[in-house]
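Undergrad: Numbering (my numbering), first residue to last: 17 to 298. A single structure is presented below for examination.
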Amino acid sequence: MSPNVLPVELLELFPDGDPGQRSLSVSLPPGRTVRGAEGAGERPALWVSDGPAPAGLWSQLHAVHQRSGLWPLLLDSYHGDAARPWDEGEVWPDDTSAPGQHDPERLLAGWWAGYTQTDEDDQLSGEERLAVTAPYGRDWPGLAAAVRPRVAPEQHADHWAEQLSQAQPAMRLGLVAVDRGSDVLAVAGWQGAVNYTGEPAERGAVLRSWEDRFGARVIGVGFAELYLSVAAPPSGTDEALRVAAEHFAFCPDNIWQGQRPCTLAGYADRLIDAPTWAFWWD
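Structure, rendered in structure tokens:
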């Protein structure tokens, strides 16, 4: 077999098993495709390596993404249980829409409205709830303005993927058949935010917007974690507050259960010049 021909098991990742003119010039470690445990006969969600991702392989695969159509991911597991979610098939690749079908600002505004409401079962008073999202309170501030990248987004992603792999050496390698990395959650049917929404394409719509406005690239996912490199982070307080509002709408646990002080303003301070973003859903 030519070294540039896609391995047979990877062909299944593409619609109708047809990769078109795709090719792969990078050798892969042992691995297999993963299907959702809830379905039978549907297309695989992604390809997953059997063991930890070899050093430097993410960047090699990232460099040939346009030719291969396969976006690399570093894959974390559930509290050290390497079988979850990947080997257990806790993904639903056929039960999702497409990111392009959703308006990211409408999604974020709707989530914001829901998370800033109070009810009788709320542990916080109305005043305390408003303090969390000050200075905006319940008012959605709109999308943050785009920021010019300080570094090339792809090179930035290579660097921080390698840093993530070194920090968490047990992370495995994944491949998802997508034209842009922001679509991986939708195409793989990732369920990490299922306690908030079972529609990964909605998260993907926001990721597309961040990809365009902030040079964000998806470099890794876990059971309920998401890791992004960010080539154009906010550089000032006002910018960071607007971005923090988007993060709160996207993943409120980053603020509610994150580093103290658990407020939008405190979180925004940590976003200034931050080269990566990480999210976790309870």
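From the three backbone atoms N, C-alpha and C, an ideal C-beta is built for every residue, glycine too.
Where does ILE288 fall in DSSP's three states?
TA: In the structure shown, ILE288 sits in coil (DSSP, three-state: anything other than H, G, I, E or B).
Undergrad: Nearest to VAL50 by CA position, among GLY282, ASN270 and ASP110, is which residue?
TA: ASP110
Undergrad: Counting only the same chain and skipping the five closest in sequence on each side, list residues whose C-beta sits under 7 Å from that of PRO68.
TA: PRO185, ALA186, MET187 and ARG188
Undergrad: Need the endpoints of the alpha helix (DSSP H) that VAL107 sits in, please.
TA: Looking at the DSSP string, VAL107 is not in any alpha helix (DSSP H), and its letter there is neither H nor E.
Undergrad: Could you tell me the distance, in whole angstroms, from the CA atom of ASP9 to the CA atom of LEU223?
TA: The displayed coordinates of the chain run from 17 to 298. Any statement about residue 9 would go beyond what the structure contains.
Undergrad: Would GLY197 pass as a contact of ARG219 if the rule is Cβ separation under 7 Å?
TA: no
Undergrad: Can you check DSSP and say which residues form a bridge with THR49?
TA: TRP63
Undergrad: Under the assumption that ALA129 contacts TRP156 (Cβ atoms under 8 Å), give the Cβ distance between them as a whole number of angstroms.
TA: 7 Å
Undergrad: Check the C-beta distance from TRP297 over to GLY214 and give it rounded, since I have them as a contact under 8 Å.
TA: Not confirmed; about 12 Å, so no contact.
Undergrad: Looking at ASP174 and SER65, is the spacing between their C-beta atoms short of 7 Å?
TA: no
Undergrad: Count the other CB atoms within 10 Å of the CB of ASP228; is the residue buried (16 or more) or exposed (fewer)?
TA: exposed
Undergrad: State whether the region 274-284 contacts the region 241-248, with contact taken as three or more CB pairs (one from each stretch) at a distance under 8 Å.
TA: Verdict: no, contact absent.
Undergrad: What first and last residue would you give for the beta strand (DSSP E) that runs through GLY197?
TA: No beta strand (DSSP E) holds GLY197; DSSP gives it neither H nor E.
Undergrad: Just the Cα atoms here: how many angstroms apart are GLY47 and TRP102?
TA: 12 Å
Undergrad: Comparing the C-beta of TRP206 with each C-beta of chain D, is any distance below 7 Å?
TA: The chain inventory of the structure shown lacks chain D, comprising one protein chain alone.
Undergrad: Residue ranges of each alpha helix (DSSP H) run of no fewer than 4 residues wholly in the region 136-177, ordered along the chain?
TA: Segments of the alpha helix (DSSP H) lying fully in the region 136-177: 142-148.
Undergrad: Here's the rule I'm using: 16 or more other beta-carbon atoms within 10 Å means buried, otherwise exposed. How should ASP34 be labelled?
TA: exposed
Undergrad: Here's a check: name, in chain order, each residue in its chain whose Cβ is nearer than 6 Å to the Cβ of ASP154, leaving out the five neighbours to either side.
TA: Here residue 154 is Arg; the residue named in the question, Asp, does not match the sequence. Hits under 6 Å: THR132.
Undergrad: Going by DSSP, which residues form a beta bridge with TYR243?
TA: GLY236 and ALA294
Undergrad: Please return the same chain residues whose Cβ sits closer than 7 Å to the Cβ of ALA114, not counting the five positions on each side in sequence.
TA: Cβ-Cβ distances below 7 Å link ALA114 to ALA202 and ALA217 in the same chain, with the five nearest sequence neighbours on each side left out; the list follows chain order.
Undergrad: Could you compute how far the alpha carbon of PRO250 sits from the alpha carbon of VAL259?
TA: 7 Å
Undergrad: Taking the beta strand (DSSP E) that TRP87 falls in, what are its first and last residues?
TA: Element bounds for TRP87: 86-91.
Undergrad: Below 6 Å CB to CB, which residues in the same chain sit around TRP127 once its five sequence neighbours on both sides are set aside?
TA: Here the set comprises ALA265.
Undergrad: Straight-line CA distance for SER43 to GLU28?
TA: When rounded, the separation of the alpha-carbon atoms in SER43 and GLU28 is 18 Å.
Undergrad: DSSP on LEU16, reduced to helix/strand/coil?
TA: The structure shown does not extend to residue 16, since the chain is modelled only from 17 to 298, so the question has no answer here.
Undergrad: In chain order, what residues of the same chain have a beta carbon less than 6 Å from the beta carbon of VAL194, not counting five sequence neighbours either side?
TA: TRP87, VAL200 and VAL203
Undergrad: Out of ASP285, GLU241, GLU25 and SER225, which one is the CA nearest neighbour of ASP269?
TA: GLU241
Undergrad: Within its chain, find whatever has a CB closer than 8 Å to the CB of GLU58; leave out the 5 residues flanking it on each side and keep chain order.
TA: ARG51, GLY52, PRO109 and ASP110
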